[in-house]
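Enquirer:
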Amino acid sequence: MGTPFITLLLPSQLDGYDKTKPHDQQPAHIPKVFCDAMEVREVVFVKEQGVPLECEYDADDARSCHWVMYASVNQTTEPEERDPHTGEVTKPRKSETRSMPIGTLRIVPFPHPPHPQPGGRYVDNVLQEDDQDQASRPTGDTGSGFTRSRSHTLTSVDEERQASALPFGADRPTTYHDGKEPYLKLGRMAVIPMFRGHHIAGQLWRAARKWLEEHSTIFNPSVAELGMDQIKATPSGIPNWNGLICCHAQESVVKVYEKWGFKVDEGMGKWYEEGIPHVGMFLRLPIKPEGPRIRSTNIMH
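For what it's worth, this note's numbering labels the leading residue of the sequence shown as 3, then goes sequentially.
Set out below in structure tokens:
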């Protein structure tokens, strides 16, 4: 493996991405770095963990920052051929060196949907009804063969968030989140199997962390663009990121995140995404808080 390097893709135009097709069958305008990130995610989450391909890409991808690590790998393009009688090489092996994507992660800016329901089961980010709900269907309702979204009474918080184009506003408080403070979400951390054990995930996280500490205001909303009402703001309470990061971690890799300083949020409970148990974890980065972004237009007098 050659010296690895990491590339960052800022929020990008992904209109036209077909979530039912793999990364190498996407329109030409989709950024190559994003397709490379999806290549890794398809290997790990789709092929290895059994997540349906159509559930791997989601609406957060376009507004997220994606880090992808590459390694220079020599791959055989045409195998060597030998004379079956003499054993002499009749056609030498041909190979090429490719910058192969081997790991990825993404950072999703705020705002976010409400914290997952403890014990909830989510498919493609939709909360599903459980077996008891299935059994309580009216007589004659046999279902369609697919799991439906849970029907439940909306709380005032749910209604307020759904009424907004962006879900700014209060969430339920947990152990490390007061339900109000803006946070970024670390996710889609993946390293292909043949490169595990080389601290790839740690290198990706350190690169992302360093960049976030140096660009701590990049995700803060613009008051001029969105307006005070849209971002649920008051003159003394404009939402700004102050270093809080959340991770929806698969239970099997909690210890990895703990090594990086994340702590399990017991108040979030445990839930399931595509059948895989997850828990919430939080970490606060030491950043220097800055004022809100208020863009103005210069007017010549």
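We put the beta carbon where it would ideally sit given N, CA and C, even for glycine. Just so we're clear, the structure is a prediction, and the values are computed from it rather than from any experiment.
Are the Cβ atoms of Leu188 and Leu129 separated by less than 8 angstroms?
Expert: The residue given as residue 188 occupies position 186 in the sequence shown. The residue given as residue 129 occupies position 127 in the sequence shown. The answer is no: Cβ separation not under 8 angstroms.
Enquirer: Name the DSSP bridge partner or partners of Cys67?
Expert: Looking up residue 67 in the sequence shown gives position 65. In the DSSP output, where bridge partners are listed per residue, Cys67 has Ile109.
Enquirer: So Trp213 is in the alpha helix (DSSP H); what residue range does that whole segment cover?
Expert: Your numbering for residue 213 matches position 211 in the sequence shown. It spans 202 to 216 - the alpha helix (DSSP H) in which Trp213 sits, taken as one unbroken run.
Enquirer: In chain order, what residues of the same chain have a beta carbon less than 8 angstroms from the beta carbon of Ile8, not counting five sequence neighbours either side?
Expert: In the sequence shown, residue 8 corresponds to position 6, counting from 1. Once the five neighbours on either side are set aside, the close Cβ partners of Ile8 are Trp69, Val70, Met71, Tyr72, Gln205, Leu206, Ala209.
Enquirer: Would you mind reading off the limits of the alpha helix (DSSP H) that contains Arg43?
Expert: Position 41 of the sequence shown, counted from the start, is the residue given in the question as residue 43. From DSSP, the alpha helix (DSSP H) with Arg43 extends over 34 to 43.
Enquirer: Sort His250, Pro288, Ala172, Val75 by Cα distance to Phe197 and report the nearest one.
Expert: As a first step, residue 197 is located in the sequence shown; it is residue number 195 there, counting from the start. Checked all of His250, Pro288, Ala172, Val75; the closest Cα to Phe197 is Val75.
Enquirer: Below 8 angstroms on the Cβ atoms is my guess for Cys57 versus Val125; work out the distance and round it to an integer in Å.
Expert: Start at 1 with the first residue of the sequence shown, and residue 57 comes out as number 55. Start at 1 with the first residue of the sequence shown, and residue 125 comes out as number 123. Confirmed, Cβ separation roughly 7 angstroms.
Enquirer: Classify Gln331 as helix, strand or coil using the three-state DSSP reduction.
Expert: With the chain represented from 3 up to 303, any question about residue 331 goes unanswered, as that position is not in the structure.
Enquirer: How far does the alpha helix (DSSP H) with Val310 in it extend, from its first residue to its last?
Expert: As shown, the chain starts at 3 and ends at 303. That puts residue 310 outside it, with no answer to give.
Enquirer: Can you look up Lys49 in the DSSP assignment and give me helix, strand or coil?
Expert: The sequence position of residue 49 within the sequence shown is 47, counting from 1. Helix, per DSSP.
Enquirer: When the Cα atoms are used, what is the spatial distance from Lys23 to His280?
Expert: As a working mapping, residue 23 is identified with position 21 in the sequence shown. As a working mapping, residue 280 is identified with position 278 in the sequence shown. Those two C-alpha atoms are separated by around 26 angstroms.
Enquirer: Taking Val91 as the reference, give the member of Glu98, Thr99, Pro81 with the closest Cα.
Expert: In the sequence shown, residue 91 corresponds to position 89, counting from 1. The candidate whose alpha carbon is nearest that of Val91 is Pro81.
Enquirer: So for Leu12, helix, strand or coil by DSSP?
Expert: Here residue 12 refers to the residue found at position 10 when the sequence shown is read from its first residue. Residue state, collapsed to three classes: coil.
Enquirer: Quickly, what does DSSP pair Ile247 with across the bridge? List them, please.
Expert: Counting from 1 along the sequence shown, the entry for residue 247 is found at position 245. Partner(s): Leu186, Leu285.
Enquirer: Answer yes if the region 26 to 34 comes into contact with the region 174 to 194, meaning at least three C-beta pairs across the two stretches below 8 angstroms, and no otherwise.
Expert: Counting Cβ pairs under 8 angstroms, fewer than three are found: no touch.
Enquirer: Can you list, in chain order, the residues of its chain with a C-beta nearer than 6 angstroms to that of Gly271? Leave out the 5 residues immediately preceding and following it.
Expert: Counted from its first residue, the sequence shown places residue 271 at position 269. Contacts found: Pro120.
Enquirer: How is Glu268 classed by DSSP in three states: helix, strand or coil?
Expert: Taking the sequence shown and counting its residues from 1, one reaches residue 268 at position 266. Looking at Glu268 - three-state DSSP - the assignment turns out to be helix.
Enquirer: With Lys21 as the anchor, note down where its beta strand (DSSP E) starts and where it stops.
Expert: For the purposes of this step, residue 21 is identified with residue 19 of the sequence shown, where counting begins at 1. Here Lys21 belongs to no beta strand (DSSP E), and DSSP marks it neither H nor E.
Enquirer: Quick check: the Cα distance between Leu55 and Val48, rounded to an integer number of angstroms?
Expert: Within the sequence shown, the letter at position 53 stands for residue 55. Within the sequence shown, the letter at position 46 stands for residue 48. In a straight line, the C-alpha of Leu55 is about 6 angstroms away from that of Val48.
Enquirer: To the nearest angstrom, how far is the alpha carbon of His25 from that of Tyr59?
Expert: If you number the sequence shown from 1, residue 25 lands on position 23. If you number the sequence shown from 1, residue 59 lands on position 57. One C-alpha to the other measures close to 10 angstroms.
Enquirer: Do Trp213 and Pro118 have their beta-carbon atoms positioned less than 8 angstroms apart in this structure?
Expert: Here residue 118 corresponds to residue number 116 of the sequence shown, with the count starting at 1. Here residue 213 corresponds to residue number 211 of the sequence shown, with the count starting at 1. Result no, Cβ atoms of Pro118 and Trp213 do not sit closer than 8 angstroms.
Enquirer: Here's the rule: buried if 16 or more other CB atoms are within 10 angstroms of the residue's CB, otherwise exposed. What is His217?
Expert: Stepping through the sequence shown from its first residue, residue 217 is reached at position 215. Exposed: under 16 other Cβ atoms inside 10 Å.
Enquirer: Could you tell me the alpha carbon to alpha carbon distance between Phe112 and Gln28, rounded to whole angstroms?
Expert: Numbered from its first residue, the sequence shown carries residue 112 at position 110. Numbered from its first residue, the sequence shown carries residue 28 at position 26. Roughly 27 angstroms separates the two Cα atoms.
Enquirer: Can you tell me the Cα-Cα spacing of Ala39 and Val45, whole angstroms?
Expert: Counting from one through the sequence shown, the residue named residue 39 turns up at place 37. Counting from one through the sequence shown, the residue named residue 45 turns up at place 43. Taking the straight line joining both Cα atoms gives about 10 angstroms.
Enquirer: Taking buried to mean at least 16 other C-beta atoms within 10 Å of its own C-beta, is Gly282 buried or exposed?
Expert: Translated into the one-based positions of the sequence shown, residue 282 becomes position 280. So Gly282 ends up on the buried side.
Enquirer: From which residue to which residue does the beta strand (DSSP E) around Thr92 run?
Expert: Your numbering for residue 92 matches position 90 in the sequence shown. 91 to 93 is the extent of the beta strand (DSSP E) around Thr92.
Enquirer: Go ahead and label Asn300 buried or exposed: buried means 16 or more other beta carbons lie within 10 angstroms of its beta carbon, across all protein chains shown.
Expert: In the sequence shown, the residue the question calls residue 300 occupies position 298. With a pLDDT of 38 at Asn300, under the threshold of 50, the modelled position of this residue cannot be trusted; read the value that follows with caution. Classification for Asn300: exposed.
Enquirer: Please state whether the Cβ-Cβ distance between Glu83 and Lys93 is less than 8 angstroms.
Expert: Along the sequence shown, one-based indexing puts residue 83 at 81. Along the sequence shown, one-based indexing puts residue 93 at 91. Result yes, Cβ atoms of Glu83 and Lys93 sit closer than 8 angstroms.
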